[in-house]
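Comments concern the structure below.
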Ligand SMILES: N[C@@H](CCC(=O)N[C@@H](CS)C(=O)NCC(=O)O)C(=O)O
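In my numbering, the protein residues as written are 6 to 213.
See below:
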């Protein structure tokens, strides 16, 4: 498999985490978002949306959108499972993933921030915008996850993938986690986990 991604892209990081947790091998294909490579013709021919991640599977077909890619991986490589067995816990895990993936991350994506800048926001206003949406999302996640272990159990899964990737963005934008002890607990566990260590943005082929 070939993973088109960028070291510090939140949604790329999610897919790297799913691949690492399932111990799947892949070729890392960097797409430099700061240089605008996502908008170049060769990449647009693969993914017309011009975004990462995209996963080319062994048949040569290209999959886009991190939730769809992670779901594909879960279906084709079911072990270790990323979702709990219990249907209620599964729904809770998917709920946290959707909260982050639909309601937080899209609001600080590169193209959204550039649109704000183009509409007259200065950098201070852009940073306040980012901090507002990330903090609001994390405050809700703090109340939705469990009191021990990872978000929903002893093993990391879908919700942890979304949360840990989002925390990298939170750190980049200097968002304090002081009010979120459960989230800090999950982050501390992930820091020691080989899959999370492997997939971290600090350790990728295109990391400066
Ligand atoms: N919903 C998509 C989001 C993909 C996305 O927004 N990717 C960002 C990087 S995290 C990107 O490629 N941005 C490039 C741009 O906005 O030009 C997913 O989960 O895969």
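C-beta atoms are modelled at their ideal positions from N, C-alpha and C, and glycine is treated no differently.
Please tell me whether residue 194 and residue 101 are closer than 8 Å, where the distance is taken between their beta carbons. no
In the DSSP assignment, the beta strand (DSSP E) including residue 61 goes from what residue to what residue? Segment 59–61, the beta strand (DSSP E) holding residue 61.
Spatial neighbours of residue 26 within its chain, please: CB distance less than 6 Å, with the 5 preceding and 5 following residues excluded, ordered by chain position. 200
Could you say which of 179, 182, 162, 115 lies nearest to residue 41 if we only look at CA atoms? 115
Would you mind reading off the limits of the alpha helix (DSSP H) that contains residue 48? 46–51
How about residue 88 and residue 80: are their beta carbons less than 8 Å apart? Against a cut-off of 8 Å, the Cβ pair of residue 80 and residue 88 comes out as no contact.
Quick one: grab the DSSP three-state call for residue 32. Residue 32 carries a strand assignment under DSSP once its states are collapsed to helix, strand and coil.
Is the closest heavy atom of ligand 1 to the C-beta of residue 93 under 7 Å? no
Taking 7 Å as the cut-off, is the CB of residue 26 close to at least one heavy atom of ligand 2? In the structure shown, ligand 2 is absent; the only ligands present are ligand 1.
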